[in-house]
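So the sequences go chain by chain: A and B.
Here my numbering is used: the first residue of the first sequence is 1, the next is one more, and so on.
Here my numbering is used: the first residue of the second sequence is 1001, the next is one more, and so on.
There are 2 protein chains.
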Amino acid sequence: MKTGFIGLGAMGAPMALNLKRAGVLVAVWNRTRERGDQFAADHDVPLAEDVADLARRCEVLVSCVSDDAALEEVVAQAVPGLQAGSVWVDTSTVSVATVRALADRLASRETAFLDAPVSGGVEGARKGSLVMMAGGDEPVLERVRPVLQVLARRIEFFGRVGSGQAAKAVNQLMAAGINQAVSEALAFGEALGLPMERVAALLAEGAAGSWMLQHRGASMVRGDYAPGFRLALHEKDLQLCRQLADEFQVHLPLVEMTLVHYRRLQQAGHGDEDISALIREKRKLFEPS
Amino acid sequence: MKTGFIGLGAMGAPMALNLKRAGVLVAVWNRTRERGDQFAADHDVPLAEDVADLARRCEVLVSCVSDDAALEEVVAQAVPGLQAGSVWVDTSTVSVATVRALADRLASRETAFLDAPVSGGVEGARKGSLVMMAGGDEPVLERVRPVLQVLARRIEFFGRVGSGQAAKAVNQLMAAGINQAVSEALAFGEALGLPMERVAALLAEGAAGSWMLQHRGASMVRGDYAPGFRLALHEKDLQLCRQLADEFQVHLPLVEMTLVHYRRLQQAGHGDEDISALIREKRKLFEPS
């Protein structure tokens, strides 16, 4: 299937490259022109004139952009070129409300929309081993699955448009809570004077174990917060959780607690560190005032 | 080494049986006489007259009792019988302050003390696959390691007396935080109308994954809270975390939050359920008021 890719950022560029290797990539587009030119030159891939031009040439459009506004902008620009029967797959993490509105807009142009946010980070994007959480029409997903399988080792369908974003929000809330758990416990152990690298390694094997403790425990104890998953990006995702919870008029305790901590860390210049830098805030609990 | 076992509860009984199978168990004792008689009859193991009698006959005493008061009581009763050069290994989860005081008391009777709380639950006790967190004198631990290896697949030494309990407290705090994370996220996903058994299974494989999600996610979604790890016992352990934090004049946010939830759940009659029953409290957030 003739596929176009929109958004050549840290995640998008390796995803587009995997589509090229699979022989389905027709052309790419990027909001910042220089980055598009560079990618086209480096990888011998056509750069579309504009998004409408890309849309005209493709049956499948895959987008990976930074936020709701960027996604709305590229969809608006694509509309004049959209081909009847085409499919738009957005892999960005944006709000449920935005993807529902865009799906309606695209439906009026006979273009189907799937929200398909991913997890697995830059490494997963590079290896084509992302996990994809999809919402939309299931038959449409099955139609484009051969393309998406180039990007993801696992693709799960969770229901109508927006269900992918909802599942991603659940994942990001869970990650925030686990970050709180690991950070608070390790800081507590440090204050107690325990040999924390060995304690963390032992605990990771038991019922209090987690991916996070296994993969970040030792670096946290050493004070190394190289990303990984950038704290500023997780903050953005937790804002989406808050928006969704607002519809129930609910405050999610772990989301609110983590947003307070992340805000403080960003103000102190730690927004580009890994989310495990949260332990900095927990250590402060034990500092003499 | 001639070993005596004190405390034939849900954890202690299978631990004692493993010591018997290994051929090192001389006799047992239990506070409730009937349970001691029953164990002795069922397994053809001598029941000691009293703790002092047990102490007189053994080089190693292993205890597994329910709380600080019970441990203080059996140590007091043992004192008249303690043999110079013997070793007391306590596998209970009790306070750091208590084990430090008891270690001093036993030292005056030329008996070494190791605090060696365990994790792995009843299943780990039965299989001899517990994880043991030890504090005390390292050469003493090495001396009795052949006995303890009958009980635990892994034995880690973390420092002076009390370090085992401190590490266990870190573990229990981490478990509380992860319970919060998994419960809040799953309840959120339910409110969003997602197919949560499949969402939980997917999330368990990624960076938000944990032992708890892997092993309790599906049962939580189904509303099944059979223990597992009893909520009332975790509540007791979190009180020990609070005591330790009090020494720093610190409130640990996840400990305080979880104690509030567990208190409410116990008042509602859920104290004997698995700790994953915490999701009951998170679901209430989304109930129409």
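C-beta: ideal position from N, C-alpha, C; glycine also.
For residue j and residue i, believed in contact at Cβ under 8 Å, the rounded distance
i	j	result
residue 1278/B	residue 170/A	Actually they do not touch by this definition, with Cβ atoms about 16 Å apart.
residue 291/A	residue 51/A	In this structure chain A extends from 1 to 289, so residue 291/A is not present and cannot be described.
residue 22/A	residue 150/A	4 Å
residue 291/A	residue 144/A	No information on residue 291/A is available, as it lies outside the stretch 1 to 289 that chain A covers here.
residue 292/A	residue 118/A	Chain A is shown from 1 up to 289; residue 292/A falls before or after that span and cannot be answered.
residue 1056/B	residue 1038/B	Not really, about 24 Å apart at Cβ, beyond 8 Å.
residue 133/A	residue 156/A	6 Å
residue 1064/B	residue 1015/B	6 Å
residue 1260/B	residue 1245/B	Contact doesn't hold; Cβ gap of about 15 Å is too wide.
residue 294/A	residue 1199/B	With chain A covering only 1 through 289, there is no way to say anything about residue 294/A.
residue 291/A	residue 1209/B	The displayed coordinates of chain A run from 1 to 289. Any statement about residue 291/A would go beyond what the structure contains.
residue 159/A	residue 1194/B	7 Å
residue 1085/B	residue 1115/B	19 Å between Cβ atoms; not a contact.
residue 148/A	residue 99/A	Contact flag wrong, Cβ pair sits at about 16 Å.
residue 1176/B	residue 1238/B	6 Å
residue 1066/B	residue 1243/B	Their Cβ separation, rounded to whole angstroms, is 17 Å, which puts residue 1066/B and residue 1243/B out of contact at 8 Å.
residue 30/A	residue 8/A	4 Å
residue 1282/B	residue 1187/B	4 Å
As assigned by DSSP and simplified to three states, the class of residue i
i	result
residue 63/A	strand
residue 156/A	strand
residue 1181/B	helix
residue 133/A	strand
residue 1186/B	helix
residue 1082/B	coil
residue 285/A	coil
residue 148/A	helix
residue 192/A	coil
Endpoints, alpha helix (DSSP H) assigned at residue i
i	result
residue 55/A	51 to 57
residue 291/A	Coverage of chain A is limited to positions 1 through 289, which leaves residue 291/A absent and any answer about it impossible.
residue 1275/B	Taken as a continuous stretch (DSSP letters only), residue 1275/B belongs to no alpha helix (DSSP H), as it is neither H nor E.
residue 262/A	253 to 267
residue 162/A	Counting along the chain, residue 162/A falls outside any alpha helix (DSSP H), and DSSP gives it neither H nor E.
residue 1075/B	1068 to 1078
residue 1201/B	1196 to 1203
residue 1017/B	1012 to 1021
residue 1242/B	1231 to 1246
residue 1218/B	1211 to 1222
Residue range of the unbroken beta strand (DSSP E) whose run includes residue i
i	result
residue 42/A	Per DSSP, residue 42/A belongs to no beta strand (DSSP E); it is in the alpha helix (DSSP H), 33 to 43.
residue 1026/B	1025 to 1029
heavy atom of the ligand ADP below 7 Å from residue i C-beta
i	result
residue 229/A	Inclusion of the ligand ADP in the displayed structure is not the case, the ligand content being empty and no account of it being possible.
- Counting only runs of 3+ residues fully inside the stretch 85 to 129 of chain A, write out the beta strand (DSSP E) ranges in chain order. Entirely contained in the stretch 85 to 129 of chain A, the beta strand (DSSP E) runs reaching 3 residues are, in chain order, 87 to 90, 112 to 115.
- Message: Counting only Cβ-Cβ distances shorter than 8 Å, please list the residues of the stretch 1155 to 1172 of chain B near chain A, keeping chain order.
- Response: For the stretch 1155 to 1172 of chain B, which is checked against every Cβ of chain A, the residues closer than 8 Å are 1156, 1158, 1159, 1163, 1166, 1167, 1169, 1170, 1171, 1172.
- Query: Just by C-beta distance, which residues in the stretch 112 to 133 of chain A are closer than 8 Å to chain B?
  - Reply: Within the stretch 112 to 133 of chain A, the qualifying residues are 119, 120, 121, 131, 133.
- Message: Output needed in chain order: residues of the stretch 1249 to 1261 of chain B with a Cβ under 7 Å from some Cβ in chain A.
- Response: Under the 7 Å Cβ criterion, the stretch 1249 to 1261 of chain B contributes 1250, 1252, 1253, 1254, 1257.
- Closer than 8 Å, Cβ to Cβ, to anything on chain B: give me those residues from the stretch 193 to 214 of chain A, in chain order. Going along the stretch 193 to 214 of chain A in chain order, one finds 193, 194, 195, 198, 199, 202, 203, 205, 206, 207, 208, 209, 210, 211, 212, 213 with a Cβ nearer than 8 Å to chain B.
- Message: Along the stretch 174 to 190 of chain A, where does the CB come closer than 8 Å to a CB of chain B? Name the residues.
- Response: Here the close residues are 174, 175, 176, 177, 178, 180, 181, 182, 184, 185, 186, 188, 189.
- Message: Output needed in chain order: residues of the stretch 1232 to 1247 of chain B with a Cβ under 8 Å from some Cβ in chain A.
- Response: For the stretch 1232 to 1247 of chain B, the beta-carbon criterion of a distance under 8 Å to any beta-carbon of chain A is satisfied by 1241, 1244, 1245.
- Taking a Cβ distance cut-off of 7 Å, strictly less, list which residues of the stretch 4 to 24 of chain A are near chain B, in chain order. Residues of the stretch 4 to 24 of chain A with a C-beta atom less than 7 Å from some C-beta of chain B do not occur.
- Proximal residues, the stretch 261 to 289 of chain A versus chain D, C-beta separation under 8 Å: This model lacks chain D altogether; the protein chains it does include are A and B.
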